[in-house]
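First to last, the sequence lines map onto chains A and B.
Following our numbering, the numbering of the first sequence begins with 486 at its first residue and continues without gaps.
Following our numbering, the numbering of the second sequence begins with 486 at its first residue and continues without gaps.
Here a beta-carbon is modelled for each residue, glycine too, at the ideal position from N, C-alpha and C.
Presented below is the structure to which this report refers.
There are 2 protein chains.
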Amino acid sequence: MRPKIYVFGDSITEGSFGDGGWGASLAHHFSRTVDVVLRGYSGYNTRWALKVLDKAFPAAGGGGDDAAPLAITVFFGANDACLPDRCSAFQHVPLHEYRHNLHSIISIFKKRWPKTQILLISPPPIDEDARLKYPYVENTMGMPERTNEAAGAYAKACVSVAAECGIPVIDLWTKMQQYAGWKKACLSDGLHLAQTGNKIVFEEVITKLRDVGLSLESLPIDLPLISDIDPSNPLKSFEN
Amino acid sequence: MRPKIYVFGDSITEGSFGDGGWGASLAHHFSRTVDVVLRGYSGYNTRWALKVLDKAFPAAGGGGDDAAPLAITVFFGANDACLPDRCSAFQHVPLHEYRHNLHSIISIFKKRWPKTQILLISPPPIDEDARLKYPYVENTMGMPERTNEAAGAYAKACVSVAAECGIPVIDLWTKMQQYAGWKKACLSDGLHLAQTGNKIVFEEVITKLRDVGLSLESLPIDLPLISDIDPSNPLKSFEN
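Next up, the structure:
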């Protein structure tokens, strides 16, 4: 049975199988070794994620699959970081609760799947001008519902939770802002990922997985590759 | 537990999670309803596919998952149709055996998963000039290893097998050639899919699935959509 990698998060995960998306790229990269399974929930914050964890990852008794995945990416914070006094306040989660919720999510996964590699991903930076230009809900205040400063605080919390739990993390907020012209190159609407943003997430995920021993070099291929099949006797490759 | 759709086939399936690929588009389309699971094996023909069926789809006893998928696409023939006297002859499967093998694959799936919708996809048309320009193996004969005429014969056989089995089929060979400029628009190297080719396969798969009752309108959403969550009381959506 081919092992799994779950990608768990908000809309930046739910949309990750769109054109050039980082989730699809991951599935393509591991096309002969791992099933990349999408668990993305647009608009969700860590509070809601905790509420649905059992349904998103049902146990065998609930019709699910008890096989431990190789890895799971946990990519929340972009909605938690909505400002509490702006138009998307209903998605806001206070910073201390966000930290606590991330700890809880990690604990639940660690308890259920002790050998599974958990990889945290911080929220991306925010282009505030674009957030005003592409509102998700009615915004009569003339102020963006998310700011780059707030996203940065949540990213910093995410990085520190990873350190406390001893698990790897991608500090996307910092990483993306190192890219010249990140607002347009990495983001499509000031929050969601454009082509370069998707490429950065994909490359970072691949790198972090490789760091913990999960790579094309280390993972077994399921069935003979065409390059390993002897043209003079192809069926020999399929004998046990 | 979220239901599955398997995509099973050769390199045109294995590569379907690349940029703009039809498999990734399918996963994106069903991002909140179905897990689209990749079982693509580059270079494989129906003879080899039969040899690996048990390993590609292990039963629960073999570490697999016995839950019946909603649907499975079976997309072989492009390698079977390699000419027997050209440079890729080792992949060739005679037409009568191709027919027989497709029947066997369908029978095995029908026996194991009686309610699963099986969708056959015929091989695509071939741009012979491009096949000479982009060889996969050394080709000293100056003649393409695949011809459009041979691919057409295998496509016709695929369509008739579907009729004999009473299952839906996408006649990709015919469909694609209805598109003006198909050689460049639909194919990247005379065989594999370019952007328009991927779009055609995706649209056809979605249409055929809809015809048998599998669509976004009919499939249950796993968890509350952000558009259904009450901003004044979000947690209400997560009470059972």
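Inset, instruction - List the residues that DSSP assigns as beta-bridge partners of threonine 558(B). - result: For this step, residue 558(B) is matched to residue 73 along the second sequence. In the DSSP assignment, the residues bridged to threonine 558(B) are Val492(B), Leu604(B).
Legend entry - Secondary structure of leucine 704(B), DSSP reduced to three states: By one-based count along the second sequence, residue 704(B) stands at place 219. In the structure shown, leucine 704(B) adopts coil according to DSSP, grouped into three states.
Inset, instruction - Give a yes or no on whether the C-beta atoms belonging to valine 522(A) and aspartate 520(B) are separated by under 8 angstroms. - result: One-based indexing of the first sequence puts residue 522(A) at position 37. One-based indexing of the second sequence puts residue 520(B) at position 35. Taking a C-beta distance under 8 angstroms as the contact criterion, valine 522(A) and aspartate 520(B) qualify as a contact pair.
Inset, instruction - Please work out which residues of its chain come closer than 7 angstroms, Cβ to Cβ, to asparagine 564(B), disregarding the five sequence neighbours upstream and downstream, and give them in chain order. - result: For the purposes of this step, residue 564(B) is identified with residue 79 of the second sequence, where counting begins at 1. Same-chain partners within the cutoff: Asp495, Gly528, Tyr529, Asn530, Gln576.
Inset, instruction - Flag histidine 513(B) as yes if its beta-carbon sits less than 8 angstroms from any beta-carbon of chain A, otherwise no. - result: Looking up residue 513(B) in the second sequence gives position 28. Yes, histidine 513(B) lies at the interface with chain A (some Cβ there is under 8 angstroms from its Cβ).
Inset, instruction - Less than 8 angstroms between the CB atoms is what I'm expecting for threonine 601(B) and alanine 553(B), so what's the real figure, rounded? - result: Taking the first residue of the second sequence as position 1, residue 601(B) is located at position 116. Taking the first residue of the second sequence as position 1, residue 553(B) is located at position 68. The C-beta separation of threonine 601(B) from alanine 553(B) comes to about 5 angstroms, placing the pair in contact by the 8 angstroms criterion.
Inset, instruction - Spell out a yes or no on whether the stretch 506–517 of chain A and the stretch 681–695 of chain A are touching, meaning 3 or more CB-CB pairs, one atom from each, closer than 8 angstroms. - result: Under the three-pair Cβ rule at 8 angstroms, the stretch 506–517 of chain A counts as touching the stretch 681–695 of chain A.
Inset, instruction - On the DSSP bridge assignment, give the partners of aspartate 520(B) in chain order. - result: Residue 520(B) sits at position 35 when you count from the first residue of the second sequence. According to DSSP, aspartate 520(B) bridges with Lys489(B).
Inset, instruction - Give a yes or no on whether 8 angstroms exceeds the smallest Cβ distance from lysine 600(A) to chain B. - result: In the first sequence, counting from the first residue as 1, residue 600(A) sits at position 115. Using a CB distance cut-off of 8 angstroms, lysine 600(A) does not count as an interface residue toward chain B.
Inset, instruction - Measure how close the beta-carbons of tyrosine 639(B) and leucine 678(B) come, nearest whole angstrom, since I'm counting them as under 8 angstroms. - result: Taking the second sequence and counting its residues from 1, one reaches residue 639(B) at position 154. Taking the second sequence and counting its residues from 1, one reaches residue 678(B) at position 193. Contact check for tyrosine 639(B) and leucine 678(B): beta-carbon distance about 17 angstroms, past the 8 angstroms limit, so the pair fails to qualify.
Inset, instruction - Assign serine 501(B) to buried or exposed, taking buried as 16 or more other Cβ atoms, counted over all protein chains shown, within 10 Å of its Cβ. - result: Start at 1 with the first residue of the second sequence, and residue 501(B) comes out as number 16. Serine 501(B) comes out buried.
Legend entry - Residue from Lys489(A), Phe723(A), Ala556(A), Arg524(A) with nearest C-alpha to valine 697(A): The count along the first sequence starts at 1 and reaches residue 697(A) at position 212. Comparing alpha carbon positions, the residue from Lys489(A), Phe723(A), Ala556(A), Arg524(A) closest to valine 697(A) is Ala556(A).
Inset, instruction - Report buried or exposed for methionine 626(A), applying the criterion of at least 16 other Cβ atoms within 10 angstroms of its Cβ. - result: As a working note, residue 626(A) is residue 141 in the first sequence. Classification of methionine 626(A): exposed, given that the 10 Å Cβ count is below 16.
Legend entry - Closer than 8 angstroms to chain A by CB, lysine 721(B): Position 236 of the second sequence, counting from 1, holds the residue named residue 721(B). By the rule that beta-carbons nearer than 8 angstroms mark a contact, lysine 721(B) does not touch chain A.
Inset, instruction - Tell me, please, whether the CB atom of proline 543(B) is closer than 8 angstroms to any CB atom in chain A? - result: Indexing the second sequence from 1 puts residue 543(B) at position 58. Cβ-Cβ to chain A under 8 angstroms: yes for proline 543(B).
Inset, instruction - May I ask which residues mark the beginning and end of the alpha helix (DSSP H) holding serine 501(B)? - result: Residue numbering aside, residue 501(B) sits at position 16 when the second sequence is read from its first letter. Looking at the DSSP string, serine 501(B) is not in any alpha helix (DSSP H), and its letter there is neither H nor E.
Legend entry - Selection from Leu704(A), Trp667(A), Arg695(A) that minimises the alpha carbon distance to methionine 486(A): In the first sequence, the residue the question calls residue 486(A) occupies position 1. It is Leu704(A) whose Cα lies nearest to the Cα of methionine 486(A).
Legend entry - Buried or exposed by the 16-neighbour rule on C-beta atoms within 10 Å, applied to alanine 544(A): Here residue 544(A) corresponds to residue number 59 of the first sequence, with the count starting at 1. With fewer than 16 Cβ atoms within 10 Å of its Cβ, alanine 544(A) is classed as exposed.
Legend entry - lysine 733(A): contacting residues in chain B (beta-carbon distance under 8 angstroms): No answer is possible for residue 733(A): the residues shown for chain A start at 486 and end at 725.
Legend entry - Same chain, Cβ closer than 8 angstroms to aspartate 715(A), neighbours up to 5 away in sequence not counted: Translated into positions along the first sequence, residue 715(A) becomes position 230. Only Lys721, Ser722 meet the Cβ criterion.
Inset, instruction - Could you confirm whether any beta carbon from chain B is found closer than 8 angstroms to the beta carbon of aspartate 520(A)? - result: The residue given as residue 520(A) occupies position 35 in the first sequence. Taking Cβ atoms only, chain B reaches closer than 8 angstroms to aspartate 520(A), which makes this a yes.
Legend entry - Minimum Cβ-Cβ distance from alanine 679(B) to chain A less than 8 angstroms: Walking along the second sequence from the start, residue 679(B) turns up at place 194. Chain A contact via Cβ: absent.
Legend entry - Beta bridge counterpart(s) of leucine 720(B) as assigned by DSSP: Taking the second sequence and counting its residues from 1, one reaches residue 720(B) at position 235. In the DSSP secondary-structure assignment, leucine 720(B) is not bridged to any residue.
Inset, instruction - Could you confirm whether any beta carbon from chain A is found closer than 8 angstroms to the beta carbon of proline 620(B)? - result: On the second sequence, residue 620(B) is found 135 positions in, with the first residue counted as 1. No - not a single Cβ of chain A is within 8 angstroms of the one on proline 620(B).
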